[in-house]
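S.K.:
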Amino acid sequence: MRTRLTSWWQSAVVPRRGIAQLLPAAGWPLVVGLTVLDLVVGLLPVAFVLLTSVVVGAVPSAVEGGSGSPEWAHLVRVFLAAAGVFLLRQVLAPLQTAVGVRMQRAVDGALRERAIRATLGTVGIAPLEDQRALDALSEATREFDNDFHSPGAACAGLLALLGRYVQLVGYAVVVGVVASWWAAAALVVAVLVFRYGQRGGLRRYSTAWSLVTGHRRRATYLREVAMGPAAAKEMRVFGLAGWFSDRYTEAVTAMLGPVTEQRRRIYFAPYLLYTAIGLVVAAGVLVSIGRSAAAGDIGLTALALGIQSVVAAIALGGYYPESDVPTQYGMQAVSALRAFEARAAEVEAAEEDRDGTRGAVPERVHLAPEAPAAALRFEGVTFGYLGSDRRVLDGLDLELPAGLCTAIVGVNGAGKTTLVKLLTRLHEPTGGRITVDGTDLRAVDAHEWRRHVSVIFQDFVRYELSAADNIAFGAVATARTDAAVRDAAEKAGILDVVDGLPSGFETPLSRSYEGGADLSGGQWQRIAIARSLYALGAGARVLVLDEPTSALDVRAEAAFFERFVELTRGVTSVLISHRFSSVRHADRIVVVDGGRVVEQGTHDELLATGGTYARLFHLQAERFAAGLDADGNRIEPDDELTEARA
Ligand code: ADP
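UniProt numbering applies: residue 1 is where the sequence shown begins, and numbers increase by one.
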């Protein structure tokens, strides 16, 4: 009993409190206005029952007195009052809906912002790689865009509940006065029991939905991939449509099966039981009112009042569509958002000091604007992804001298990108530390540090926005000038292409938009390079390029690197590549293997040493001579042809 009560408290009361706490987001005038409207709209039917019953009771004496008699005038007055109440309700109901929708918009808007803050507010990206956090997030945000179930609709629904219950109390008072207070109490209990059956069923039913979130996410993914533009080419060329359609059907079946099964179990038997209870009680109260009338204890008005109130009250024993469904799903969405926030904080905290070896976070310091002036250092850095035992970096020591270009090479999976993620604080080292001019990076605010760094990730984002936006995103905090954007484009070797687009720099870089244009893979890579050069122009001190030329052909790549060294002279830059041939111009080359630095020096020094670098360099050079690139792909001699294919 105790555990049932606790679970009811947890599933019915706590989330409702969560919804009530959202109300201030709508603003108090809206909350008070809607509450008053709900109460008035709730009480008007009771007034209508009262007035029509008086009409019924007044008919005999009015007929006896004839038209023109005071009794007739009384009947007409009461009838007009009843009609007025009816009309008022008709007028207020749409107003109630309209105010409810305004509340919904206001609350959902605030919640969307909260969800955005929750997802973007984490310093690192570990929470967005965590299954539990992702499930909670997907469950939360799905309802935010639902017109009927959103948390905002739940707020309006919660207030609407007041109207319904005030109405029930109104009918109960009427029954108490005309019949007995016992009858009134029995009626209220019967209505609540019946509602409990229905409402509790809805709770269990919607919980059944939350248990199949994984299947739902998969079904949504399959549908979006199959129908979206990203996979449109492969869908057709590989003939994947049938495969995706079958898997989608499977996922939907897996999702709906348990829910349909639950639905039958949850609703059918309780429905029969609670309906029977409701009917028996209603019949009992009606019989008692009828008997009093037959015995002459109550008059015609009271009889009409009693019958109407009982019937209307019993009708309150079911679902409240304007309230129950939105409240249920809205509560779930809010709970899911809270679960995401909690899980995200938990994952971040877990990553912050996983082994308990890093010690307390040092006291906050600000960096000099020109940092790094001496060097960036990885000191004994160890790192493994959460949920995996493998150490991707294992006691890595690495110095990136300020003002020089350090190339980091290593085979696929050696941990090069991971190193960039640690440097940009998207993940925290499991052990060891990263320092900038001797200061532990943990002592520096992550946002402040990121303004010193400009990165192009291997999987940089191709924003479906204007070319200018795509470039200026390198430094949004700085006021944009057309000259700086053009300059960055020019240095990245993409100026002519952009100038040739239908609206130049204002052209949206996607054909999905009117007047938009698509770029080739290599052209996109140059846009990304321009983005990072723009950031340098705006004051970034460190430039990290992760495989910046993978979509360029060998000639364009060689040209790019020669230019790159010129463009970034004096900048602390990190160049990551698995193509050993492409980094020879760097000031220093570092070879990463097995989570550590295994060799470092200049190109010539490393070749002379005859170690891993020399071996892999020669291997790739041989491939190159055979017409294959570092990945074993055939090299296309024609620059334009390769770009068009990318
Ligand atoms: P590189 O850039 O050298 O090719 P990465 O740093 O991308 O290598 O990856 C190093 C290793 O870490 C790989 O084995 C990869 O599978 C693993 N890894 C990368 N990202 C994640 C992640 N988000 N979660 C778990 N493992 C990851």
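For every residue, glycine included, the Cβ atom is placed at its ideal position computed from N, Cα and C.
Keep in mind that this is a model prediction, so the values were computed, not measured.
1. To which residues does DSSP link Gln-90 through a beta bridge?
2. Is the distance from the Cβ of Lys-491 to the Cβ of Leu-545 below 7 Å?
3. Following the continuous alpha helix (DSSP H) through Gly-521, name the residue where it begins and the one where it ends.
4. According to DSSP, simplified to helix, strand and coil, what is Pro-24?
5. Are the region 588 to 608 and the region 391 to 408 in contact at 8 Å, needing three or more beta carbon pairs?
6. Within the chosen definition, does the region 454 to 470 reach the region 417 to 430 through at least 3 CB pairs nearer than 8 Å?
7. Is Tyr-385 near the ligand ADP - that is, is its Cβ less than 6 Å away from at least one heavy atom of it?
8. Within 10 angstroms of the Cβ of Ala-644, are there 16 or more other Cβ atoms? Answer buried if so, exposed if not.
9. Where are the alpha helix (DSSP H) runs, 4 residues long or more, that stay fully inside the region 275 to 341, in chain order?
10. Assuming Ala-241 and Ala-254 make a contact with CB atoms under 8 Å, what is their CB distance in whole Å?
11. Does the beta carbon of Val-544 fall short of 6 Å from some heavy atom of the ligand ADP?
12. Find out if the Cβ-Cβ distance for the pair Ala-126, Glu-341 is shorter than 7 Å.
13. Go through the residues and name those whose CB comes closer than 6 Å to any heavy atom of the ligand ADP, in chain order.
14. Would you decide whether Leu-273 is buried or exposed? Buried here means 16 or more other CB atoms lie within 10 Å of its CB.
15. Along the chain, where does the beta strand (DSSP E) containing Leu-161 start, and where does it finish?
16. Going along the chain, which residues of its own chain have a beta-carbon closer than 7 Å to the beta-carbon of Arg-102, five neighbours each way excluded?
17. Does DSSP classify Asp-546 as helix, strand or coil?
18. Excluding sequence positions up to five away, which residues of its chain have a Cβ less than 7 Å from the Cβ of Asp-440?
19. Does the region 6 to 25 come close enough to the region 328 to 348 to have 3 or more Cβ pairs within less than 8 Å?
20. So, helix, strand or coil for Gln-600, using DSSP?
21. Where do the N-terminal and C-terminal ends of the beta strand (DSSP E) with Asp-397 fall, by residue?
22. Are Ala-313 and Val-193 closer than 7 Å when you measure CB to CB?
23. For Thr-357, collect the residues of the same chain with a Cβ closer than 6 Å to its Cβ; drop the 5 residues on either side in sequence, then sort them by chain order.
24. Any idea which residues DSSP pairs Gly-431 with across the strands?
25. Taking only runs of the alpha helix (DSSP H) that begin and end inside the region 200 to 232, which ones reach a length of at least 4 residues, in chain order?
26. Look up Leu-272 in the DSSP assignment and say whether it is helix, strand or coil.
27. Buried or exposed: Arg-195, going by 16 or more other Cβ atoms within 10 Å of its Cβ?
28. Indicate the three-state DSSP secondary structure (helix, strand or coil) for Asp-440 in the structure shown.
29. Using a Cβ-Cβ cutoff of less than 7 Å, which residues in the same chain neighbour Ala-646 once the five nearest sequence positions on both sides are dropped?
30. Please classify Thr-642: does DSSP put it in a helix, a strand, or coil?
31. Please name the residue in Val-325, Arg-247, Leu-211 and Arg-199 whose C-alpha comes closest to that of Asn-146.
32. Given 8 Å as the limit, is there contact between the region 498 to 512 and the region 369 to 385, that is, 3 or more CB pairs closer than that?
33. Leaving out five residues on either side along the sequence, give the residues of the same chain with a beta carbon under 6 Å from the beta carbon of Arg-217.
34. What residues in its chain sit with their C-beta under 7 Å from that of Val-166, if we drop five residues either side in the sequence?
35. Note down, in chain order, each residue of its chain lying with its Cβ closer than 6 Å to the Cβ of Ala-12, except the 5 sequence neighbours on either side.
M.R.: Looking at the atomic coordinates:
1. Gln-90 pairs with nothing; no bridge assigned.
2. Cβ atoms of Lys-491 and Leu-545: not closer than 7 Å.
3. 521 to 537
4. Secondary structure at Pro-24: helix, using DSSP grouped into helix, strand and coil.
5. yes
6. yes
7. yes
8. Residue placement at Ala-644 is flagged as unreliable, the pLDDT there being 33, under the threshold of 50; the coordinate-derived value follows with that caveat. Exposed.
9. 300 to 315
10. In fact, because the Cβ distance is near 20 Å, the residues do not count as touching under 8 Å.
11. no
12. In this structure, Glu-341 does not lie closer than 7 Å to Ala-126 by Cβ.
13. Glu-129, Tyr-385, Ser-388, Val-392, Gly-410, Asn-412, Gly-413, Ala-414, Gly-415, Lys-416, Thr-417 and Thr-418
14. exposed
15. Careful: Leu-161 lies outside any beta strand (DSSP E), inside the alpha helix (DSSP H) at 151 to 178.
16. Excluding residues within five positions, the ones whose Cβ falls inside 7 Å are Leu-30.
17. In the three-state reduction of the DSSP assignment, Asp-546 falls in the strand class.
18. Pro-362 and Arg-433
19. Contact holds: three or more Cβ-Cβ distances are below 8 Å.
20. strand
21. For Asp-397, the enclosing beta strand (DSSP E) stretches over residues 393 to 401.
22. no
23. The residues are Gly-431.
24. Bridge partners of Gly-431: Thr-382.
25. 213 to 227
26. helix
27. buried
28. strand
29. Bear in mind that a pLDDT of 30 at Ala-646, under 50, signals an unreliable position, so the model cannot answer this.
30. Only weak support is given to the placement of Thr-642: the predicted model assigns it a pLDDT of 36, under 50, and the question is left unresolved by the model.
31. Val-325
32. no
33. Ser-138
34. Leu-39, Gly-42 and Leu-43.
35. none
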